[in-house]
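Here the sequence shown stands for residues 6 to 217, numbered as in this note's numbering. Built from N, CA and C at the ideal position, the CB exists for glycine as well. All remarks here apply to the structure that follows.
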Amino acid sequence: MRRAALVTPLLAAVAACSQPVPLKEQAICDFTYPWADKPAPRTEFRARTAEGRLRFTFLVDDADVIVASQWHGESTLDGEDRVEIFFAKDPTLADYWCVEIDPLGRVHDYHARHYRQFDHGWNCPDLITTGARTAAGYEVTGSIRLETLSRLLGRPVEPGAVLHIGLFRAQFYGPPGPTRGDTADNWISWVRPSTRDPDFHVPSAFGDWIVP
């Protein structure tokens, strides 16, 4: 069953956050394992608008951060811990854009169409990201120009606009291997997709979110 995902003042979500949420910032802190029956480690998404950009941060608790020591292109992220933000043009996922960021701030970005039609040659214009290890895990930041989002989504994106987004996290364990990503507790999400098996590329994985 899909849970309600329209974010208004976020009073319910704020209660689960590790720190108070500043004025003019929004936070989503109720991430779960959709396909595993256990509590998920902390994931916090915080966002604000400033200087014509959507600025966001993921705060992640992770005792075993998996990150590749060598970079072999954007597909390197497939085997790494990472956070993900997807922007959909409409609820059918006829067009959506995906930004995946690893703990070092490295990016795999691509354009997609339902179902799983990926254009890995697309790169998000004006995207700025950083990543750093923390005592609890890692922190990732990103920013995208509101003008860029408006152009992609075909409508004005500004404070108060409602966007259809997905917020996800890949959480891996132990040494690299061919089965990494195959277990139910590898995948964390804001919205619970209505699928039997892990899959973020479905309409039920997205929710409506108000730009702060």
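Between the C-alpha atoms of Leu-172 and Gly-179 there is a straight-line separation of about 24 Å.
Pairing Leu-64 with Tyr-143, the inter-Cα distance amounts to about 6 Å. Per DSSP, reduced to three states, the secondary structure at Leu-82 is helical. For Val-145 against Val-88, the beta-carbon gap comes to about 5 Å, under 8 Å, which counts as contact. Remark: three or more beta-carbon pairs, one from each stretch, lie closer than 8 Å, so the stretch 39-58 and the stretch 188-196 are flagged as touching. Excluding residues up to 5 positions away in sequence, Phe-36, Phe-63, Val-65, Arg-174, Ile-193 lie with their Cβ nearer than 7 Å to the Cβ of Thr-48 in the same chain. Contact check for Cys-103 against Asp-114 passes: the beta carbons are separated by less than 8 Å. Under the criterion of beta carbons closer than 8 Å, Asp-213 and Val-162 do not qualify as touching, at roughly 13 Å. Residue state for Leu-168 is assigned as strand, using DSSP reduced to three classes. Shown here, Ser-199 sits in coil according to DSSP, grouped into three states, outside any helix or strand.
Per DSSP, Ser-148 is one residue of the beta strand (DSSP E) stretching across 142-150. DSSP, read as helix, strand or coil, puts Ser-194 in strand. Short of 7 Å from the beta carbon of Tyr-101, and not among the five residues preceding or following it, lie these beta carbons of its own chain, in chain order: Phe-91, Phe-92, Ala-93, Lys-94, Ala-117. Among the bridge pairs identified by DSSP, Ala-137 is matched with Glu-144. Counting of Cβ neighbours within 10 angstroms places His-169 among the buried residues, the total reaching 16 or more.
In terms of CA proximity to Val-216, Thr-54 leads the group Pro-46, Thr-134, Thr-54.
Proximity to Trp-127 across Glu-105, Thr-135, Leu-109 peaks at Glu-105, based on C-alpha coordinates. Within a 10 Å sphere around the beta-carbon of Asp-202 sit fewer than 16 other beta-carbons, which makes this residue exposed.
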